[in-house]
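If you read the sequences in order, they're chains U and P.
Residues in the first sequence are numbered consecutively from -11, following the working numbering.
Residues in the second sequence are numbered consecutively from 343, following the working numbering.
Comments concern the structure below.
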Amino acid sequence: MSAIFVVGYAEGEDSERALNFALERARKGDAEIRLVFVLEWSPYSFLTPDELETRHKRRNEELARATAVVEPVAKKATEAGVKTETIVRYGHAAEVLCEVARETGAVQVFVGRGGSSSNLATRLFGSVSGALVQASPVPVTVVP
Amino acid sequence: MSSVFRRGHDALFQVTVALALLFAPALAMAQEQAADAAAPAGMDEQINQMFADSTGWFVTFIFSPFPGTSFPWIVAWLVVAATVFTVYFGLIQFRAFPHSIALVKGDYSDPNDAGEVSHFQALATALSGTVGLGNIAGVAVAVGIGGPGATFWMILAGLLGMASKFTECTLGVKYRNEYEDGTVSGGPMYYLTKGFAARGLFGGRFLAILFSIFCILGAFGGGNMFQANQAHQQIAGIVGDYPGWITGVVFAVIVFAVIVGGLKSIASVTEKIVPFMGVMYVGAALIIILMNADKIGWAFGQIIDGAFTGLGVAGGLVGALIQGFRRAAFSNEAGVGSAAIAHSAVRTKEPITEGFVSLLEPFIDTVIICTMTALVIIITGQLAMDAETGLYIVGENGAIQTVTGASGVGLTSAAFESAFSWFPYILAIAVILFAFSTMISWSYYGLKAWTYLFGEGKFTEIVFKVIFCIFVVIGAAANLGPVIDFSDAAIFAMAVVNIFGLYFLMPIVKEELNSYLSRLKSGEIRKFH
């Protein structure tokens, strides 16, 4: 059985870089990739009655949109010789990546480093990669 | 399809005519008065007079006392129902309390359902519809008229009301409509129709229509005019007196922008600030209570004494009891059926779980927040007391005289001000936001009832929303008395229909409850976290 790499994916250049980096490593080590798309979500956020009513519909739309983003990417990677499966899930990005790593028995997690790490918001609230590094059950590679 | 729409439009026309007829005598009267008077009365006075004249008969009917007593039948109706549900479900509000908390925390939520409406979200949204002026102004009205003893009856009504809420919200989820596109519509109009049919009973459709009519009136009254009215009083208290219709127009424009213009950002910002305002309000109340820690014993003594003797308030014990029950029902809306509309959207395989979650609502709303307001008013000594007799001094209008002469939200504001001089400003912002979020919630409840009657469609929806905005102006301009009477009357009329239906449907809830509890015990239903 080949090793499994988890790659966090969102639309953007940094995710592309992370994926390409992981693909290279996967090819050398004969590993598979699980491409994870996280839809940011907290069950403790506040919604208006209107939003409650349409939530299920919106969720279906959001899932469809996310799947439409990751599926072609995964297909391309598979065609290029690395078996790649997709996972789309709701939650906090770092938590979901840890969860998936645990479930799939992954040996490594790859994420891109979004934006500049010196901006105020990141300093105050932390970044996904920062949170992931602290909580991940397996080694994390942050691709700049 | 087109016939459905035509029927909707015909019905819409009929209701518009009915509404016109309802207000026609008042309009004619107002015109006569305007013609008669040498100097025409101010616009506020005209609106007030018109409003009081056209709604008086409805208010009188709802609040008519049992023959030979001063006890309104509607208060008994609500309390008897809450007691029946409490007994029928074996003190469910206490038995299920810990499980309810676990559900809200998400202990039993399937991780695969992430992204759907959670129990917490349904509860928070329903709460922001009920936590509001009822907790701030309504309690002040109750304590101002019924004395501290009203607090005791209010808490009791809150505890009993938890069982009513449990019953209606379970049914709300069980009998909601789920459409192909994934949106949901639920509430008493749906469970009355479908639930009655399921039990082989007749008249469900009739009750649903009746409920919808009262729900629309309730949305205009307590969910709208009362809010606009108190928001105006609050603003006027800070910037000085000015005509109410001005506040009304400003509010109406903002509400219009949100519900017609689809300015979702305003609604969602409010929805996010309101919970913090609520926490801050309770926090400030707790600080004031702790600052007066030596008086806590005395305050509870007043509440208990007042509950059974009245301490000289108008109507004595019964007066305190009526005020307490009335304001509790108005504040937490248990048995009214409105919360069932908000709770129906939750994603759950077990309707009963939403019942469990919803029973926390009267607890948070009434037992915690309302009690805080009452304690602050009592502890800061806002109510004028005769030093010799220890009885409260009752003014000519039947209300207890207050130290500052304020009533309603003004009384609460004065109580908080005596501890923190800057608090009225915070309270004003809180009141405006609470008023606004309650209006948004009720515009939704009203709209659901409206579309149940007239069918869904852009045109019918716009008609409702425009009328809703007009009532914002009327509410801000009218006096508190007629507005609060009509608001209560409309909301209680909803409860008359809803509770009548609940009596027939409660065996269905019992079945759900027994099935769920046995599966919980056997371990079939287990925690995910």
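All residues carry an ideal CB built from backbone N, CA and C; glycine is no exception.
Beta-ladder partner(s) of residue i, from DSSP
i, result
"residue 742 (chain P)", "P:736"
"residue 520 (chain P)", "P:526"
"residue 23 (chain U)", "U:-5 and U:74"
"residue 715 (chain P)", "According to DSSP, which records beta bridges pairwise, residue 715 (chain P) is partnered with nothing at all."
"residue 388 (chain P)", "Per DSSP, none; premise fails for residue 388 (chain P)."
"residue 98 (chain U)", "U:-5 and U:129"
Status (buried if at least 16 other CB within 10 Å, exposed otherwise) for residue i
i, result
"residue 284 (chain P)", "Nothing can be reported for residue 284 (chain P): it is not among the residues displayed for chain P, which extend from 343 to 871."
"residue 125 (chain U)", "exposed"
"residue 392 (chain P)", "buried"
"residue 668 (chain P)", "buried"
"residue 503 (chain P)", "buried"
"residue 412 (chain P)", "exposed"
"residue 554 (chain P)", "buried"
"residue 674 (chain P)", "buried"
"residue 731 (chain P)", "exposed"
"residue 496 (chain P)", "buried"
"residue 824 (chain P)", "buried"
"residue 32 (chain U)", "exposed"
"residue 696 (chain P)", "buried"
"residue 521 (chain P)", "exposed"
"residue 753 (chain P)", "buried"
"residue 516 (chain P)", "buried"
"residue 530 (chain P)", "buried"
"residue 541 (chain P)", "exposed"
"residue 827 (chain P)", "buried"
"residue 534 (chain P)", "buried"
"residue 128 (chain U)", "buried"
Three-state secondary structure (DSSP) of residue i
i, result
"residue 493 (chain P)", "helix"
"residue 456 (chain P)", "strand"
"residue 780 (chain P)", "helix"
"residue 544 (chain P)", "coil"
"residue 371 (chain P)", "Confidence is the limiting factor: at residue 371 (chain P) the pLDDT is only 41, short of 50, which leaves the residue's position unreliable, though a coordinate-based value still follows. Here residue 371 (chain P) sits in helix by DSSP."
"residue 411 (chain P)", "coil"
"residue 725 (chain P)", "strand"
"residue 28 (chain U)", "strand"
"residue 747 (chain P)", "coil"
"residue 79 (chain U)", "strand"
"residue 602 (chain P)", "coil"
"residue 42 (chain U)", "helix"
"residue 869 (chain P)", "coil"
"residue 794 (chain P)", "helix"
"residue 634 (chain P)", "coil"
"residue 696 (chain P)", "helix"
"residue 682 (chain P)", "helix"
"residue 730 (chain P)", "coil"
"residue 477 (chain P)", "helix"
"residue 399 (chain P)", "helix"
"residue 677 (chain P)", "coil"
"residue 123 (chain U)", "helix"
"residue 405 (chain P)", "coil"
"residue 467 (chain P)", "helix"
Supposed close pair residue i, residue j - CB separation, criterion 8 Å
i, j, result
"residue 736 (chain P)", "residue 509 (chain P)", "At roughly 38 Å, the Cβ-Cβ gap does not stay under 8 Å, so residue 736 (chain P) and residue 509 (chain P) are not in contact."
"residue 476 (chain P)", "residue 788 (chain P)", "Their Cβ separation, rounded to whole angstroms, is 17 Å, which puts residue 476 (chain P) and residue 788 (chain P) out of contact at 8 Å."
"residue 505 (chain P)", "residue 434 (chain P)", "6 Å"
"residue 85 (chain U)", "residue -6 (chain U)", "6 Å"
"residue 591 (chain P)", "residue 781 (chain P)", "Going by Cβ atoms, the distance from residue 591 (chain P) to residue 781 (chain P) rounds to 14 Å, so no, they are not a contact pair."
"residue 757 (chain P)", "residue 719 (chain P)", "5 Å"
"residue 858 (chain P)", "residue 692 (chain P)", "6 Å"
"residue 842 (chain P)", "residue 543 (chain P)", "Going by Cβ atoms, the distance from residue 842 (chain P) to residue 543 (chain P) rounds to 12 Å, so no, they are not a contact pair."
"residue 507 (chain P)", "residue 700 (chain P)", "5 Å"
"residue 631 (chain P)", "residue 721 (chain P)", "6 Å"
"residue 458 (chain P)", "residue 36 (chain U)", "Not really, about 16 Å apart at Cβ, beyond 8 Å."
"residue 684 (chain P)", "residue 420 (chain P)", "Not really, about 20 Å apart at Cβ, beyond 8 Å."
**Prompt:** Name the residues in the segment -6 to 15 of chain U whose C-beta lies less than 8 Å from a C-beta of chain P; which are they?
**Reply:** Taking 8 Å as the Cβ-Cβ cut-off, the segment -6 to 15 of chain U has no residue approaching chain P.
**Request:** Output, in sequence order along the chain, the residues in the segment 67 to 81 of chain U whose CB is closer than 9 Å to any CB in chain P.
**Result:** Going along the segment 67 to 81 of chain U in chain order, one finds 77, 78 and 79 with a Cβ nearer than 9 Å to chain P.
**Against chain P: residues of the segment 27 to 42 of chain U by CB proximity under 8 Å** = Of all residues in the segment 27 to 42 of chain U, the ones placed with a Cβ closer than 8 Å to any Cβ belonging to chain P are 27, 29, 31, 32, 33, 34, 35, 36, 37, 38, 39, 40, 41 and 42, in chain order.
**Item:** Contact set between the segment 602 to 629 of chain P and chain U, restricted to residues whose Cβ is under 7 Å from the partner
**Value:** Cβ contacts with chain U come from 609, 610, 613, 614 and 617.
**Asked** Which residues, in chain order, does the segment 778 to 812 of chain P contribute to contact with chain U at a C-beta distance below 7 Å?
**Response** Here the close residues are 782, 783 and 786.
**Request:** Output, in sequence order along the chain, the residues in the segment 549 to 575 of chain P whose CB is closer than 8 Å to any CB in chain U.
**Result:** Against chain U - using a Cβ distance shorter than 8 Å - the segment 549 to 575 of chain P contributes no residues.
**Prompt:** Going along the chain, which residues of the segment 491 to 525 of chain P sit with their C-beta nearer than 9 Å to a C-beta in chain U?
**Reply:** Those residues of the segment 491 to 525 of chain P placed with their C-beta closer than 9 Å to a C-beta in chain U are 520, 521, 523, 524 and 525, ordered along the chain.
**Prompt:** In chain order, what residues of the segment 454 to 475 of chain P put their CB closer than 7 Å to some CB of chain U?
**Reply:** Flagged, chain order: 456, 457, 458, 459, 460, 462, 463, 464, 466 and 467.
**Message:** Against chain U, which members of the segment 814 to 835 of chain P pass a CB distance test of less than 7 Å?
**Reply:** Within the segment 814 to 835 of chain P, no residue has a Cβ that lies closer than 7 Å to any Cβ of chain U.
**Request:** Output, in sequence order along the chain, the residues in the segment 663 to 697 of chain P whose CB is closer than 7 Å to any CB in chain U.
**Result:** Cβ contacts with chain U come from 684, 687 and 689.
**Asked** Residues in the segment 421 to 451 of chain P with C-beta within 8 Å of chain U's C-beta atoms, listed in sequence order?
**Response** Per Cβ criterion, the list reads 448 and 451.
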